[in-house]
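Chains A and B, in that order, are what the protein sequence lines are.
The numbering used here numbers the first residue of the first sequence as 1 and each following residue consecutively.
The numbering used here numbers the first residue of the second sequence as 1 and each following residue consecutively.
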Amino acid sequence: RKEVEQDPGPFNVPEGATVAFNCTYSNSASQSFFWYRQDCRKEPKLLMSVYSSGNEDGRFTAQLNRASQYISLLIRDSKLSDSATYLCVVNRGRTYKYIFGTGTRLKVLA
Amino acid sequence: GAVVSQHPSRVICKSGTSVKIECRSLDFQATTMFWYRQFPKKSLMLMATSNEGSKATYEQGVEKDKFLINHASLTLSTLTVTSAHPEDSSFYICSAPRSGRDNEQFFGPGTRLTVL
Numbered sequence: 001r002k003e004v005e006q007d008p009g010p011f012n013v014p015e016g017a018t019v020a021f022n023c024t025y026s027n028s029a030s031q032s033f034f035w036y037r038q039d040c041r042k043e044p045k046l047l048m049s050v051y052s053s054g055n056e057d058g059r060f061t062a063q064l065n066r067a068s069q070y071i072s073l074l075i076r077d078s079k080l081s082d083s084a085t086y087l088c089v090v091n092r093g094r095t096y097k098y099i100f101g102t103g104t105r106l107k108v109l110a
Numbered sequence: 001g002a003v004v005s006q007h008p009s010r011v012i013c014k015s016g017t018s019v020k021i022e023c024r025s026l027d028f029q030a031t032t033m034f035w036y037r038q039f040p041k042k043s044l045m046l047m048a049t050s051n052e053g054s055k056a057t058y059e060q061g062v063e064k065d066k067f068l069i070n071h072a073s074l075t076l077s078t079l080t081v082t083s084a085h086p087e088d089s090s091f092y093i094c095s096a097p098r099s100g101r102d103n104e105q106f107f108g109p110g111t112r113l114t115v116l
C-alpha cells in the first residue's frame, strides 16, 4: 500500500462546477499536510496547507481528518485555469521529508 | 518570498555522459535540500536528502554512486548523474525547506534530462 494515496482521475468538470479530491495517508505519525498544484512540465507550487481545523482560501477549502487519516480539497466555481494536477503531500514528522501522492488530474471544460 | 533556482533547466546528452544539476536557495539558507525525480504522468519520488557539511541520505533503491550529491554551502546543492543512460531521462526537481510552522518547502523549477 502506498503511503499517500489519491485517485489519479482525470476529473473532467464544466466551468462553474464544484469538485472534491480526497487523499488518504497511512503513517499516523505524519504531522504536516499540504495540497500542491502542478502544471504540466512545471514544478509543484503550494496551494495550501491543511489544518485540523480546516482552512479556506477563496474558492478552495481543505480539510484534515486525523482519526481517519484523510485529507480533502474542495474547489468551488471551477475556472479553466484550475486545470492542473493536484498533489496531496504529507510531511513525515520533523524530518522535512515530503511524501507525494500520485496526484489527481483536473480538467475544467468550457 | 523565498525562491529556489535550478540550473540547467534542460539537458540533452549522450549516453555515458555525466550531468551536473545545481540547486540554489536564493534568499534563505538551507542546511537540508531534497532531490526528486518525476517520470511522465507519475508522482514525484524522493531520491535523497542533501545535508550541508555531511553525506547525503539516499532513499531505498537509489544508487548513491550513480547519483552523487554535494551540499557545498548553505545555499547550494548539486546532483551529478554519472554515466547517464536513457533510463535516467526524467524531470529532476530540488526543494529546500524554510523553517517555520508548516515545514513548507520551496521547489526549484526542475531540470529536464534527456539521455540519447
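Think of the CB as a built atom: it goes at the ideal place given N, C-alpha and C, for glycine as much as any other residue.
Taking 6 Å as the cut-off, is the beta-carbon of residue i closer than that to any non-hydrogen atom of the ligand GTP?
i, result
"I12 (chain B)", "Ligands in the displayed structure: none, and consequently the ligand GTP is not present."
To the nearest whole angstrom, what separates the beta carbons of residue i and residue j, a pair I think is in contact under 8 Å?
i, j, result
"R10 (chain B)", "T111 (chain B)", "7 Å"
"T102 (chain A)", "P44 (chain A)", "Between P44 (chain A) and T102 (chain A) the Cβ distance is about 13 Å, and since that is not below 8 Å, they are no contact."
"A67 (chain A)", "G54 (chain A)", "Actually they are not in contact, since the Cβ atoms of A67 (chain A) and G54 (chain A) sit about 14 Å apart, beyond 8 Å."
"R37 (chain A)", "A84 (chain A)", "5 Å"
"F106 (chain B)", "R98 (chain B)", "6 Å"
"K97 (chain A)", "L46 (chain B)", "6 Å"
"S50 (chain B)", "I21 (chain B)", "Rounded, the Cβ-Cβ distance is 11 Å, inconsistent with contact."
"L80 (chain A)", "E15 (chain A)", "6 Å"
"I75 (chain A)", "F60 (chain A)", "6 Å"
Strictly by DSSP, which residues pair up with residue i?
i, result
"R98 (chain B)", "None; R98 (chain B) has no bridge partner."
"A62 (chain A)", "A:N55, A:L73"
"E5 (chain A)", "A:T24"
"H117 (chain B)", "Nothing can be reported for residue 117 (chain B), as the shown portion of chain B is limited to 1 through 116."
"C88 (chain A)", "A:W35"
"F67 (chain B)", "B:V81"
"L76 (chain B)", "B:R24, B:S73"
"L109 (chain A)", "A:P14"
"A48 (chain B)", "B:W35, B:Y58"
How would you call residue i, buried or exposed, if buried means at least 16 neighbouring beta carbons within 10 angstroms?
i, result
"L116 (chain B)", "exposed"
"Q31 (chain A)", "exposed"
"I12 (chain B)", "exposed"
"Q151 (chain B)", "The requested residue 151 (chain B) is not part of the displayed model; chain B covers only 1 to 116."
"S25 (chain B)", "buried"
"H85 (chain B)", "exposed"
"T18 (chain A)", "exposed"
"F39 (chain B)", "exposed"
Exercise for the section: Using a Cβ-Cβ cut-off of less than 9 Å, list which residues of the region 92-108 of chain A approach chain B; keep chain order. Expected result: R94, T95, Y96, K97, Y98, I99, F100, G101, T102, G103, R105
Handout entry: Any 3 or more C-beta pairs closer than 8 Å across the region 71-79 of chain B and the region 15-34 of chain B
Key = yes
Exercise for the section: Could you list the residues in the region 37-50 of chain A with a C-beta less than 9 Å from some C-beta on chain B, going in chain order? Expected result: Q38, R41, K42, E43, P44, K45, L46, S49
Practice task
Please name the residues in the region 24-35 of chain B whose beta-carbon is closer than 9 Å to at least one beta-carbon of chain A, in chain order.
Solution key: T32, F34
Problem - Members of the region 69-99 of chain B near chain A, C-beta cut-off 8 Å - result: F91, I93, S95, P97
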